[in-house]
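Comments concern the structure below.
In mature numbering (1 follows the signal peptide of the UniProt record, and there is no 0), the protein residues as written are -36 to -1, 1 to 130.
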């Protein structure tokens, strides 16, 4: 018996992502864009334009404790860093370098604070533009603001493994 080739849409993450991107681009292409408000007061031309947007971002993968979490924040590392003194190191530095984890803790906040599937950004943005022209002279002013609800209002998933602080 021969296997028949399957025709159709395979539900793989990349295919689903591409389909979602295509459908969003189709939806946004159907939306009518608003024009800037324009006024003419004698020789003075004034234009005011506003753009608002909302967005969200999610963590898609689990933490990689062996590569991405710094040695001093790594729960899989058996070294106690709570009383570590640089001038009298205990444990010795060779043991620290052999331990599990990455060499830098600079990127640990994102890795420790958000689990797979959680939103790490829920943002609202606004941009306003004012354009004023009088004969051969003009002024253009742009202002932008944003608020990230995930960063400012949500609780974090993880606390410091050593101190218990969030």
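Ideal Cβ placement from N, Cα and C applies to all residues, glycine included.
Inset, instruction - On the DSSP bridge assignment, give the partners of residue 89 in chain order. - result: 17, 110
Item to check | Touch test, the region 32 to 39 against the region 79 to 99, Cβ-Cβ under 8 Å, three pairs minimum | outcome: no
Original post:
So, using beta-carbon positions, are residue 64 and residue 84 closer together than 8 Å?
Top reply: no
message: According to DSSP, is residue 95 part of a helix, a strand, or is it coil?
response: strand
Q: Per DSSP, which residues does residue 12 bridge with? Please list them.
A: 1, 94
Option in -1, 61, 86 with minimal Cα separation from residue 117: 86
| field | residue 74: first and last residue of the uninterrupted alpha helix (DSSP H) it sits in | value | 72 to 77
*Check each candidate in 110, 76, 103, 4 and name the one with the smallest Cα separation from residue 90.*
110
Exercise. Run through DSSP, which three-state label would residue 61 get?
Worked result: helix
In the DSSP output, which residue or residues are listed as bridge partners for residue 136? This structure cannot settle anything about residue 136, because the visible part of the chain is limited to -36 through 130.
I need the straight-line Cα distance from residue 79 to residue 22, nearest angstrom please. 9 Å
Let me make sure I understand the geometry here. Which of 81, 33, 93 has the alpha-carbon closest to that of residue 2?
93
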